[in-house]
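I have placed the structure first, in the form of structure tokens, so that the comments after it can refer back to it.
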Amino acid sequence: MGDQASFVDGNELAGAFRELFAVDVTTARGTCVSCGRSGEIAQTHVYHGPGLVARCAGCEAVLVRLVRGTGRAWLDLRGVTCLEFGLPEPV
Amino acid sequence: MARAAVLGRLTWRPAELVSVRAETSAARTLTFDVPDWPGHVAGQHVDVRLTAADGYTAQRSYSLASAAGGPVELTVQRVDGGEVSGYLVDEMAPGDRCEVRGPVGGYFTWDPEDPSPVLLVAGGSGLVPLMSMLRTRAEAGSRVPFRLIYSVRSPADALYTSELRRRAREDRGLDVEYAYTRVAPTGVRRPAGRIDAALLGAAGWPADFAPTCYVCGPTGFVESVADLLVGAGHAADRVRTERFG
Numbered sequence: 001m002g003d004q005a006s007f008v009d010g011n012e013l014a015g016a017f018r019e020l021f022a023v024d025v026t027t028a029r030g031t032c033v034s035c036g037r038s039g040e041i042a043q044t045h046v047y048h049g050p051g052l053v054a055r056c057a058g059c060e061a062v063l064v065r066l067v068r069g070t071g072r073a074w075l076d077l078r079g080v081t082c083l084e085f086g087l088p089e090p091v
Numbered sequence: 001m002a003r004a005a006v007l008g009r010l011t012w013r014p015a016e017l018v019s020v021r022a023e024t025s026a027a028r029t030l031t032f033d034v035p036d037w038p039g040h041v042a043g044q045h046v047d048v049r050l051t052a053a054d055g056y057t058a059q060r061s062y063s064l065a066s067a068a069g070g071p072v073e074l075t076v077q078r079v080d081g082g083e084v085s086g087y088l089v090d091e092m093a094p095g096d097r098c099e100v101r102g103p104v105g106g107y108f109t110w111d112p113e114d115p116s117p118v119l120l121v122a123g124g125s126g127l128v129p130l131m132s133m134l135r136t137r138a139e140a141g142s143r144v145p146f147r148l149i150y151s152v153r154s155p156a157d158a159l160y161t162s163e164l165r166r167r168a169r170e171d172r173g174l175d176v177e178y179a180y181t182r183v184a185p186t187g188v189r190r191p192a193g194r195i196d197a198a199l200l201g202a203a204g205w206p207a208d209f210a211p212t213c214y215v216c217g218p219t220g221f222v223e224s225v226a227d228l229l230v231g232a233g234h235a236a237d238r239v240r241t242e243r244f245g
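Chains as they are written, first to last, in full-length UniProt numbering: chain C, 1 to 91; chain H, 1 to 245.
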């Protein structure tokens, strides 16, 4: 488990995710595989390591890991299931 | 859930510092020119990336201070040992360049169309995105009731002091309350101390008004205030938080 004093929150992931995806992932709702808690990615606890690690705000299980290298990125979503996005419908 | 527009991928854009304005001895506001800047909504942030001559890079996130649709204005407070904030506050000069990625973040944002009353609770430089909301409210001519509780160490550390004094007087439906944590000015009845349930009760909104609460500051501050708000009966999903470590 990470140092409790050192986390920020999932709002911080917005820029890194917008390099990969066309929508804002931080407003999507995800469910923790470990404890079943559901909430916006913005509310996760984010730790800076070799990459960005987002942990569940309820049980601190790892939800998402994102590592950016030169010319590529690695995204590990094993801790989160069923991301739900709000999308505008065509008028 | 926010129903955000489909935005397209985003990457780093060149930015040139245009002007600086001192806010306190440890903070200043930097205004950047960013070609093709798409505009932001209140509460969003940008990532700033600095690249040294040897190719070493460092990046941090900073909130936009200006009203929605306004210029790229960041108010940055120096963090002890902070390699990015130290440069932005003490060294970067107009004409110098960096890169920005943004605007980003759709969770900690305020929409002027939302009629719910708003409680803003700021700890230190956590005031910056909340200031964008206050400025957006004024520019939109909104009468949505706003209350700001600003926790800061001392009057000398407070950001935007004269503007907040003016807004509290002129912006209808805005109340501003300070919580000085170390040194309270003379004439202030509340002794120096952290935000507590009594202050949130007196200067905030009753939970049955169902306000949207925005809490921004250091992680410990945000955890403490969010717990107090939920303990006072505010629904957890009405308490939006942004922690900066």
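Using N, Cα and C, we set each Cβ at its ideal position, and we do this for glycine too. What you are looking at is a predicted structure, and each value in this text was computed from that prediction instead of being measured.
- Excluding residues up to 5 positions away in sequence, Q77, S151, V152, R153, D157, G217, P218 and F221 lie with their Cβ nearer than 8 Å to the Cβ of G124 (chain H) in the same chain.
- Closest in C-alpha terms to V33 (chain C), from the list C:A14, C:R55 and C:L87, comes C:R55.
- At least one CB of chain C lies nearer than 9 Å to the CB of F244 (chain H).
- Taking 9 Å as the CB threshold, G141 (chain H) stays off the interface with chain C.
- Shown here, A236 (chain H) sits in a helix according to DSSP, grouped into three states.
- If the five residues before and after V239 (chain H) are omitted, its C-beta is found closer than 7 Å to the C-beta atoms of C213, V215, A226, L229 and V230, all from its own chain and listed in chain order.
- In the same chain as A58 (chain H), and ignoring 5 residues on each side of it, the C-beta atoms closer than 6 Å to its own belong to L50, E83 and V84, in chain order.
- In this structure, DSSP gives R21 (chain H) an extended state, which the three-state scheme calls strand.
- Straight-line spacing of the CA atoms in D96 (chain H) and R21 (chain H) works out to 15 Å.
- Only those residues of the segment 17-35 of chain C whose C-beta falls short of 9 Å from the nearest C-beta of chain H are listed: F17, R18, E19, L20, F21, A22, V23, D24, T26, T27, A28 and R29.
- Setting aside the 5 residues that flank it on each side, C35 (chain C) is surrounded in the same chain by C56, G58, C59 and A61, each with a C-beta closer than 8 Å to its C-beta; the list follows chain order.
- The C-beta of T136 (chain H) has 16 or more other C-beta atoms within 10 Å across all chains shown, which makes the residue buried.
- Contact annotation: A235 (chain H) and A203 (chain H) have beta-carbon atoms that are not nearer than 9 Å.
- The segment 21-37 of chain H and the segment 35-45 of chain C do not touch, with fewer than three beta-carbon pairs separated by less than 8 Å.
- The alpha-carbon of A140 (chain H) is positioned some 15 Å away from that of G39 (chain H).
- In the DSSP assignment, D76 (chain C) falls within the beta strand (DSSP E) that extends over R72 to D76.
- Counted as a single uninterrupted DSSP element, the alpha helix (DSSP H) harbouring L200 (chain H) occupies residues A197 to A203.
- The bridge partners DSSP lists for Q44 (chain H) come to none.
- Close to L10 (chain H), with beta-carbon spacing below 7 Å, are these residues of chain C in chain order: R18 and E19.
- Collapsing the DSSP output to three states places P185 (chain H) in coil.
- In this structure the segment 71-91 of chain C touches the segment 16-30 of chain C; the number of beta carbon pairs closer than 8 Å is three or more.
- With respect to G173 (chain H), P145 (chain H) sits close: the two C-beta atoms are nearer than 9 Å.
- Straight-line measurement puts the Cα of G79 (chain C) at about 36 Å from the Cα of E73 (chain H).
- In the DSSP annotation of this structure, the continuous segment of the beta strand (DSSP E) that includes L74 (chain H) starts and ends at V72 to Q77.
- In this structure, the beta-carbon distance from R37 (chain C) to V53 (chain C) does not fall below 9 Å.
- Here F32 (chain H) carries a strand assignment [DSSP, helix/strand/coil].
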